[in-house]
Amino acid sequence: MKIVLAYSGGLDTSVILKWLTKQYQAEVVAYCADVGQGEELTGLEEKARRTGASHCVISDLREEFVRDYVFPMLRAGALYEDQYLLGTSIARPLIAKKQVEIAQEVGADALAHGATGKGNDQVRFELAFAALAPDLRVIAPWREWDLAGRADLIRYAEEHGIPVPVTTAKPYSMDRNLFHISYESGVLEDPWQPPPADLFRLTRNPEEAPDEPEILDLEFESGNCVAVNGMNLSPAGILGTLNSIGGRHGIGRVDIVENRFVGMKSRGVYECPGGTILRFAHRQVETLTLDREVMHLRDSLLPRYAELVYYGFWFSPEREFLQAAIEQSQQVVTGTVRLRLFKGALQTLGRKSPHSLYNPQLATMEADQGAYDPRDATGFIRLNSLRLRTAARRQQQQA
């Protein structure tokens with residue numbers, strides 16, 4: 003039997019790799035998607051082989067990740083439960099897609115993942131597998147083995163000589179990519195307790211950020227950021243640059259209790275400096291360029307779009323349907339935004355666009371040279387208030 007395991011080298015997948023070789027007597031191909039974990043990938047191939055993998059495949063997906071997954075989601079303005087920028091959620095469909103491709107290349111019998119039986123990721127991975135390779139078997143060790151929790155995994159790793167980056171003192175579950183870092187477990191399971199000061203890796207404490215603000219110009223074309231301070235960069239280059247700038251100023255920390263798809267609430271702490279800046283700036287260009295009704299209709303669809311990403315339905319007809327509508331709206335979202343970054347806060351200093359619908363002759367509080375006749379508002383208000391006056395008179399009659 004040959005299994006392709008989505009492998010990060012962290013506690014869960016390190017233990018799973020060893021467990022699969024013992025439980026299934028299988029050849030295990032360790033697959034790691036490089037979506038921006040940075041130094042976490044150092045020595046990963048050697049570690050995977052020492053833990054029992056026949057070989058390790060590392061795919062550099064950073065540009066594809068930002069271009070084909072993060073940017074489309076940002077064009078949609080997606081935000082789950084009004085707080086979460088979906089950093090973990092949006093990486094899963096790409097990781098699963100490449101895992102399927104490798105399984106097909108090596109002739110694997112099964113796919114395996116390290117998502118827990120209580121989490122969202124098991125759903126995300128397996129929905130993607132179902133959409134892309136419905137005939138491949140899926141192995142989810144967290145739903146099979148008798149290891150009850152992270153303490154058991156740490157003990158298993160120690161017994162089998164598997165080096166892992168967590169201890170019983172700091173048993174955090176961390177997921178990192180170019181878009182964000184998420185933290186769960188350990189002391190974070192108590193929603194009353196603040197995150198430890200040494201938890202964060204991408205962002206400074208806003209109180210310790212520079213005492214001078216930084217001004218940032220972002221250029222957008224058709225809904226995508228293409229340049230920072232006049233420098234044209236690739237999608238991954240844009241995000242990496244903004245992560246550095248935003249992190250320096252303490253931008254993008256989020257601490258939330260969210261509703262998991264599987265039915266429970268969980269506490270998550272996130273760092274998303276570059277994504278926070280991009281979403282905020284993108285919205286500023288939209289305020290200039292999008293028709294009012296298009297914007298309001300699109301905004302009414304955002305909770306549903308965010309749910310589809312969070313739940314794992316990226317490769318679904320309904321997400322593709324919504325994306326097509328969003329893409330049509332983004333054709334005019336071109337322009338430049340000037341932002342002020344200071345101690346965790348973002349402020350808009352200016353915005354401009356060749357497709358701007360803002361007309362100073364209409365908006366001015368001074369004489370507008372006939373562009374708008376205020377007397378027209380009389381009939382407009384009378385018609386819109388007709389039902390209110392009708393209801394009020396009925397209530398008066400019944401009183």
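Take 3 as the starting number for the sequence shown in our numbering and just add one per residue.
Positions of the beta carbon are idealized from the N, C-alpha and C atoms, including for glycine.
Can you tell me where the beta strand (DSSP E) holding residue i begins and where it ends?
| i | result |
| --- | --- |
| residue 5 | 4-8 |
| residue 113 | 112-114 |
| residue 33 | 29-36 |
| residue 402 | What is shown of the chain runs 3 to 401, which leaves residue 402 out entirely. |
Among the options, whose alpha-carbon lies nearest the alpha-carbon of residue i?
| i | options | result |
| --- | --- | --- |
| residue 127 | 46, 346 and 95 | 95 |
| residue 76 | 58, 227, 183 and 116 | 227 |
| residue 59 | 11, 368, 26 and 78 | 11 |
| residue 218 | 395, 251 and 238 | 251 |
| residue 92 | 136, 162, 183 and 138 | 183 |
| residue 133 | 179, 351, 315 and 350 | 315 |
| residue 216 | 377, 84, 279 and 186 | 279 |
| residue 240 | 209, 281, 207 and 266 | 281 |
| residue 349 | 61, 248, 89 and 80 | 248 |
| residue 214 | 347, 192, 48 and 155 | 347 |
| residue 175 | 54, 264 and 121 | 121 |
| residue 86 | 258, 28, 46 and 124 | 258 |
| residue 364 | 374, 353, 193 and 357 | 374 |
| residue 359 | 80, 385 and 337 | 337 |
| residue 108 | 88, 138, 80 and 123 | 138 |
| residue 285 | 158, 399, 339 and 142 | 339 |
| residue 97 | 81, 144, 39 and 154 | 39 |
| residue 147 | 376, 22, 212 and 361 | 22 |
| residue 357 | 159, 135, 395 and 292 | 292 |
| residue 354 | 150, 383, 220 and 74 | 220 |
| residue 144 | 83, 211, 163 and 123 | 123 |
| residue 352 | 290, 379, 381 and 387 | 290 |
| residue 238 | 52, 67, 17 and 42 | 67 |
May I ask you to list the residues that DSSP assigns as paired with residue i?
| i | result |
| --- | --- |
| residue 338 | 221 and 354 |
| residue 177 | 184 |
| residue 255 | 273 |
| residue 86 | 82 |
| residue 2 | The chain is shown from 3 up to 401; residue 2 falls before or after that span and cannot be answered. |
| residue 260 | 268 |
| residue 234 | 229 |
So residue i is in the alpha helix (DSSP H); what residue range does that whole segment cover?
| i | result |
| --- | --- |
| residue 126 | 123-134 |
| residue 380 | 378-400 |
| residue 19 | 13-25 |
| residue 299 | 294-313 |
| residue 49 | 46-53 |
| residue 319 | 319-331 |
Using DSSP with H/G/I as helix, E/B as strand and the rest coil, what is residue i?
| i | result |
| --- | --- |
| residue 162 | coil |
| residue 229 | strand |
| residue 1 | In the structure as shown, the chain begins at 3 and stops at 401. Residue 1 is therefore absent and cannot be evaluated. |
| residue 142 | coil |
| residue 41 | helix |
| residue 348 | strand |
| residue 368 | coil |
| residue 361 | coil |
| residue 207 | coil |
| residue 202 | coil |
| residue 118 | coil |
| residue 101 | helix |
| residue 137 | coil |
| residue 153 | helix |
| residue 375 | coil |
| residue 95 | helix |
CB residue i to CB residue j, shorter than 7 angstroms?
| i | j | result |
| --- | --- | --- |
| residue 4 | residue 111 | yes |
| residue 116 | residue 15 | yes |
| residue 9 | residue 33 | yes |
| residue 230 | residue 287 | no |
| residue 72 | residue 181 | yes |
| residue 300 | residue 268 | no |
| residue 274 | residue 242 | no |
| residue 13 | residue 166 | yes |
| residue 37 | residue 105 | no |
| residue 125 | residue 263 | yes |
| residue 177 | residue 90 | yes |
| residue 245 | residue 276 | yes |
| residue 197 | residue 271 | yes |
| residue 307 | residue 130 | no |
| residue 29 | residue 61 | no |
| residue 141 | residue 114 | yes |
| residue 100 | residue 50 | no |
Under 7 angstroms between C-beta atoms, does residue i make it to chain C?
| i | result |
| --- | --- |
| residue 43 | In the displayed structure, chain C is absent; only one protein chain is listed. |
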